[in-house]
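All letters in the sequence shown, in the order written, are residues 25 to 161 by my numbering.
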Amino acid sequence: MVKALMHDPFFLRIKSKPATAADADTARDLLDTLMAHRETCVGMAANMIGVSKRIIAFNDSGSYMVMFNPEITAKSLPYETEEGCLSLLGGPRKTTRWQKITVKYQDAAMRVRTKAYSGFTAQIIQHEIDHCNGILI
Numbered sequence: 025m026v027k028a029l030m031h032d033p034f035f036l037r038i039k040s041k042p043a044t045a046a047d048a049d050t051a052r053d054l055l056d057t058l059m060a061h062r063e064t065c066v067g068m069a070a071n072m073i074g075v076s077k078r079i080i081a082f083n084d085s086g087s088y089m090v091m092f093n094p095e096i097t098a099k100s101l102p103y104e105t106e107e108g109c110l111s112l113l114g115g116p117r118k119t120t121r122w123q124k125i126t127v128k129y130q131d132a133a134m135r136v137r138t139k140a141y142s143g144f145t146a147q148i149i150q151h152e153i154d155h156c157n158g159i160l161i
């Protein structure tokens with residue numbers, strides 16, 4: 025179900041709680057909401073739809089992916105960039121990202137996975153994990 029976007033910076037700064045299999049409906053709602061905003065958005069975290077759980081959804085080069093409890097376990101090649109956010113008013117803001125990352129996460133069946141990402145997909149994941157950690161750009 026498509027959910028309304030959260031814009032309250034106080035709520036968005038709260039560190040999200042770990043997700044469990046019981047949060048599958050939230051993951052579906054997050055993906056539905058991301059797809060509804062696909063023209064202007066490439067990734068979302070659950071707190072952006074008002075649920076303080078560690079779940080992200082993102083466009084991975086044309087296919088959509090959901091991660092439960094994502095953590096960056098390795099990173100390399102920092103660079104400066106600018107990013108916007110559907111949850112925040114105003115234009116793009118400067119931030120530092122990593123060109124290459126490795127992410128440990130759980131899939132929808134709560135199996136632990138590890139995957140390496142680079143480029144724009146890595147940037148999207150970093151932005152959404154920041155949301156899970158209560159970090160706003």
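Positions of the beta carbon are idealized from the N, C-alpha and C atoms, including for glycine.
Nearest-angstrom Cα separation, counted from residue j out to residue i
i           : j           : result
residue 97  : residue 113 : 31 Å
residue 100 : residue 151 : 16 Å
residue 138 : residue 68  : 20 Å
residue 51  : residue 59  : 12 Å
residue 108 : residue 45  : 30 Å
residue 64  : residue 83  : 12 Å
residue 136 : residue 86  : 23 Å
residue 115 : residue 106 : 9 Å
residue 49  : residue 153 : 19 Å
residue 81  : residue 89  : 6 Å
residue 132 : residue 43  : 10 Å
residue 158 : residue 77  : 11 Å
residue 39  : residue 123 : 24 Å
residue 149 : residue 156 : 11 Å
Exposure label - residue i; buried when at least 16 CB within 10 Å
i           : result
residue 31  : exposed
residue 75  : buried
residue 28  : exposed
residue 125 : buried
residue 102 : exposed
residue 92  : buried
residue 47  : buried
residue 94  : buried
residue 117 : exposed
Residues near residue i by beta carbon distance below 7 Å, same chain, minus five either side
i           : result
residue 25  : 53 and 56
residue 61  : 110
residue 160 : 33, 36, 37 and 112
Where residue i falls: helix, strand or coil (DSSP)
i           : result
residue 148 : helix
residue 143 : helix
residue 91  : strand
residue 71  : helix
residue 132 : coil
residue 33  : helix
residue 96  : strand
residue 58  : helix
Residues of its chain near residue i, where Cβ-Cβ distance is below 6 Å and the 5 sequence neighbours each way are ignored
i           : result
residue 140 : 126
Interface flag, residue i vs chain D, CB-CB below 8 Å
i          : result
residue 77 : Although the question refers to chain D, the structure presented lacks it and comprises just one protein chain.
Practice task
Please confirm if the region 128-144 is in contact with the region 67-74, defined as three or more CB-CB distances below 8 Å between the two stretches.
Solution key: no
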